[in-house]
Amino acid sequence: MAPNLDSYFSQVDNLSDHFIERLRQAVAIPSVSSEAARRPDVVRMGHFLADELTKLGASVELRELGPQPGTDLTLPPVVLARYGSDESKRTILVYGHYDVQPAEKSDGWETEPFELTVKEDGRMLGRGSTDDKGPVLGWLNAIEAHKVAGIDFPVNLLMCFEGMEEYGSEGLEDLINLEGKKYFADADAVCISDNYWLGTERPCLTYGLRGCNYYSVEVSGPGADLHSGVFGGTAQEPMTDLVRILGSLVDTDGKIQIAGISDQVAPITAEEDGLYDGIAFTMETLHESLGSKTTIFEDKKSTLMARWRYPSLSVHGIEGAFSAPGAKTVIPAKVIGKFSIRTVPNMEVDQTNAVVYKHVEEAFKKLGSKNTMKVYAQHTGKWWVASPNHWNFSAAAKATERVWGVKPDFTREGGSIPVTITFEEATGKNVLLLPMGSSTDGAHSINEKLDKRNYIEGIKLLGAYLHYVAEEAIV
Ligand SMILES: [Zn+2]
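Heads up: the sequence shown begins at 1 in the UniProt record's numbering, then just goes up one per residue.
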C-alpha cells in the first residue's frame, strides 16, 4: 500500500540539510505582524514563499487585502498557490501562516531569535520555527522531495498561507468565504498544520476545538470615584455588587452555576469515551505545566474531558478596580467584570448568551441594589468538531503510523483556531488538524524551537498523508 513512500522518505533524509537551510532563510525574515515597523518584513516573507513555490512549479497568486483598518498600514498578501490540476486526483487544501509573534533577544532568548540555531540535542531555536514556518515549509519540502525523487505527486495541492494570523487574521475570513467556491472549489478536504502534540512522544490528530464567548458585566452608581473615609457607609458600592455577581457564576471545582448551560452540552457517546483511554498524557505533566498541584480532578480522563469536551467559565479581571500595590481607600464609581465561557457541542451562541444574561440579571436583581448593571458579550466564537472517522483522518492516521511507528492520539484542544470553522463553512469539507511540533516547542514564548526530528519526520508525515489520501476509498 502507498507505494513509493520508502523512496520519498529517503529523499527527505537526503535533502534534510537543504530543508533546514530553507527554514533558516525563513526564520531570518522577522515577519512580526503586530509591529508596524516590521510590516515590510512580513510582506517580504510572503514574497519569499511565493518565489520558492514558483521555483517548485506551483502557480502562485499574491492576494492583496487592502489597508489595515484603523492604521495607515497595508495588510500583507495572502499567498494562494496550486500544485497540480489533475482531475483524476484528489485535491487537498492546506493552510498555514508566515507571520510570527514578536521576539527580542533581551526578552531572555538564549540565542538570536531570528537566527535559526541548531543545537546538539536537535532543538532548532528560532522565532517561527514551529509556529508556523516549519509546518508551512513542510508542504514545500514535500513537493520538492517528490520532484527530486521523480515520484508522481499523489494529489493536487491547494495552499493558503496568510501573514496576519498572530494579529487576528485581519481580512482572511472574507477572502476564504469569497474563494470557498472559486479558488478552493475543487478541494476535497482541508488540512491545517498549526497546532502541537499533546506531549513530546506521541503524535496526534486533532478533531475538536472549543469556542469562546467573552462577557462584560458593567456596574455603575456614583458620578465619580469616592473616598471611603467620606462616603463609605453612605453609598451602595458598584464593586460590592459586581463581586457578588461574579461569585455566583462558577464554584471552586469549576462547575458552572448558570442554569441552562449543562442542558446544552452534548451527551458523551461510547465511541467518544473510548478515544480518551489510551491518550499519552499524565497528571504529572499537567502539574508541571500548571506549576502546582491545584487540579480540579485527580485523573487524566476527567481532566482531558474538562479541557476538551465540557464548557468552562473563567473570571478574568475587573476594569476600573484598584489593582496596584498599597492601600488606596477608593470606592470605584464604575467597574466592569470580565469573564468568558469556553463552549462545546451543542451550545449555540445565542442560546448561551440568553442564559448568561438571564443569570446575571437575576443575580443583580437579588441584591436589591440601586446601582445600574449592564451585561453584554464582547465577542463570541463557535466551537468546532470534525468526524475523526472521515477518510481525511484515517489517511493521516495511517501516515502517522507509517512514519512514527505508533497510532496517533485523537485529541481536541481547549482553545480556539477560528480559521478552522471558516474553512469548514466556506468549503463544506472535512478539516483535519495535523500538528508537526510537540508540546514543549514554546510557540509564543522565548526560545521557541522545533525539534529537527519533528521537522524532518513531519515532512515525511505530510507527504505520506497525501499518499494515503489518494488511496482512501471514496465514500
Ligand atoms: Zn500558529
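Ideal Cβ positions, reconstructed from N, Cα and C, are used throughout, including at glycine.
Distance between beta carbons of residue j and residue i, contact taken as under 8 Å
i: CYS48; j: VAL190; result: It should be pointed out that residue 48 corresponds to Phe in this sequence rather than to Cys. Not a contact, Cβ separation roughly 24 Å.
i: PRO332; j: ALA321; result: 6 Å
i: VAL60; j: ALA81; result: 5 Å
i: ASP194; j: HIS97; result: 7 Å
i: SER314; j: PHE297; result: The pair is not a contact, with the Cβ atoms about 16 Å apart (cut-off 8 Å).
i: CYS212; j: THR343; result: 7 Å
i: GLN68; j: GLU170; result: 6 Å
i: GLU319; j: VAL335; result: 7 Å
i: LEU53; j: VAL94; result: Actually they are not in contact, since the Cβ atoms of LEU53 and VAL94 sit about 12 Å apart, beyond 8 Å.
i: THR295; j: MET283; result: 7 Å
Straight-line gap, residue i to residue j (C-alpha atoms, nearest Å)
i: ASP152; j: TYR183; result: 23 Å
i: VAL118; j: LEU125; result: 6 Å
i: MET164; j: GLU179; result: 18 Å
i: ILE421; j: ASP251; result: 31 Å
i: LYS398; j: SER88; result: 22 Å
i: LEU15; j: SER34; result: 34 Å
i: ALA426; j: LEU304; result: 30 Å
i: GLY70; j: VAL419; result: 22 Å
i: PHE114; j: PRO40; result: 15 Å
i: GLY337; j: GLU362; result: 16 Å
i: residue 479; j: PRO267; result: Residue numbering for the chain in the displayed model covers 1 to 475; residue 479 lies beyond these limits and cannot be assessed.
i: SER216; j: GLU271; result: 38 Å
i: PRO203; j: THR400; result: 7 Å
i: ASP241; j: PHE364; result: 7 Å
i: VAL27; j: ASN392; result: 30 Å
i: ALA185; j: LEU461; result: 25 Å
i: LEU73; j: ALA36; result: 7 Å
i: GLY291; j: GLY223; result: 43 Å
i: PHE161; j: ASP86; result: 22 Å
i: PHE231; j: ASP225; result: 10 Å
i: ALA149; j: PHE9; result: 10 Å
i: VAL243; j: VAL469; result: 53 Å
i: GLU413; j: HIS390; result: 19 Å
i: PRO408; j: SER369; result: 55 Å
i: LEU62; j: PRO325; result: 51 Å
i: GLU120; j: ARG309; result: 39 Å
Reference residue i, options the options, closest by Cα
i: ILE176; options: ALA187, TYR167 and GLU166; result: ALA187
i: residue 498; options: GLY254, THR329, PRO267 and SER289; result: Since the first residue shown for the chain is 1 and the last is 475, residue 498 is missing from the structure and cannot be characterised.
i: VAL155; options: LYS374, LYS293, THR91 and GLU173; result: THR91
i: SER302; options: TYR276, ALA324, ALA280 and SER7; result: TYR276
i: LYS452; options: GLY171, PHE9, ILE20 and SER7; result: ILE20
i: SER106; options: TYR465, ILE446 and ALA464; result: ILE446
i: VAL385; options: VAL60, GLY415, ASP51 and ARG123; result: GLY415
i: TYR455; options: PRO267, LYS366 and LEU140; result: LEU140
i: GLY66; options: ALA58, CYS160 and ASP174; result: ASP174
i: SER7; options: ASN371, ILE417, VAL403 and ASP409; result: VAL403
i: THR440; options: GLU104, GLY199, LEU137 and ILE143; result: GLY199
i: GLY278; options: VAL406, GLY442, GLY291 and GLU448; result: VAL406
i: GLY458; options: VAL344, LEU137, THR329 and ALA473; result: LEU137
i: HIS18; options: GLY84, LYS55, ALA145 and ALA280; result: ALA145
i: PHE247; options: ILE143, PRO267, PRO203 and HIS316; result: One detail in the question is off: residue 247 reads as Gly in this sequence, not Phe. Nearest of ILE143, PRO267, PRO203 and HIS316 to GLY247, Cα basis: HIS316.
i: SER31; options: ILE143, ALA363, ALA103 and PHE9; result: ALA103
i: ALA218; options: ARG38, ILE192, HIS390 and ALA377; result: Sequence check: residue 218 is Glu here, not Ala. Minimum Cα distance to GLU218 is reached at ALA377.
i: LEU23; options: GLY463, LYS449, ALA464 and GLU471; result: LYS449
i: LEU249; options: TYR357, SER387, MET436 and PRO77; result: TYR357
i: LEU5; options: ASP72, LEU93 and LEU466; result: LEU466
i: HIS444; options: ARG127, ALA58 and GLU120; result: ARG127
i: GLY428; options: LEU172, ALA50, LEU56 and LYS181; result: LYS181
i: LYS300; options: SER323, ALA324 and ASP273; result: ASP273
i: ILE192; options: PRO135, ARG244 and SER220; result: PRO135
i: THR411; options: TYR83, MET159 and TYR196; result: TYR196
i: VAL265; options: GLU348, MET373, LEU62 and PRO76; result: GLU348
i: PRO345; options: ALA58, GLN25 and SER262; result: SER262
i: GLU201; options: GLY168, SER387, THR372 and MET436; result: MET436
i: GLY221; options: ARG123, THR269 and MET373; result: MET373
i: TRP109; options: GLU472, GLU471, GLY442 and ALA464; result: GLY442
i: LEU75; options: GLY46, GLY84, ALA50 and ALA58; result: GLY46
i: TYR167; options: GLY463, ALA473 and ILE417; result: ILE417
i: residue 483; options: SER323, LEU56, PRO77 and LEU367; result: Here the chain has residues from 1 to 475 only, and residue 483 is not among them.
i: VAL375; options: SER387, LEU367, LYS366 and VAL360; result: VAL360
i: LEU116; options: ALA50, GLY84 and ILE29; result: ILE29
i: SER228; options: ALA327, ARG38, GLU64 and SER438; result: ALA327
Interface flag, residue i vs chain D, CB-CB below 8 Å
i: VAL12; result: Any reference to chain D falls outside this structure, which holds one protein chain only.
If you measure from each residue's Cβ to the nearest non-hydrogen atom of ligand 1, which ones come out under 6 Å, in chain order? Any heavy atom of ligand 1 counts here; residues with a Cβ closer than 6 Å to one of them, in chain order, are HIS97, ASP131, ASP132, GLU165 and ASP194.
Counting beta carbon pairs with one atom in the stretch 256–265 and one in the stretch 352–365, are three or more of them shorter than 8 Å? The stretch 352–365 and the stretch 256–265 touch, with no fewer than 3 CB-CB distances between them shorter than 8 Å.
Assess, as a yes-or-no matter, whether the stretch 224–239 is touched by the stretch 202–209 under the definition of 3 or more beta carbon pairs within less than 8 Å. A contact is defined here as three or more CB-CB pairs under 8 Å, and the stretch 202–209 fails this definition with respect to the stretch 224–239.
Do the stretch 382–400 and the stretch 432–445 meet, that is, are 3 or more Cβ pairs less than 8 Å apart? Yes, since at least three Cβ pairs between the stretch 382–400 and the stretch 432–445 fall closer than 8 Å, the two stretches touch.
For the stretch 377–392 against the stretch 120–135, are there 3 or more C-beta pairs whose distance is under 8 Å? They do not touch, by the three-pair rule.
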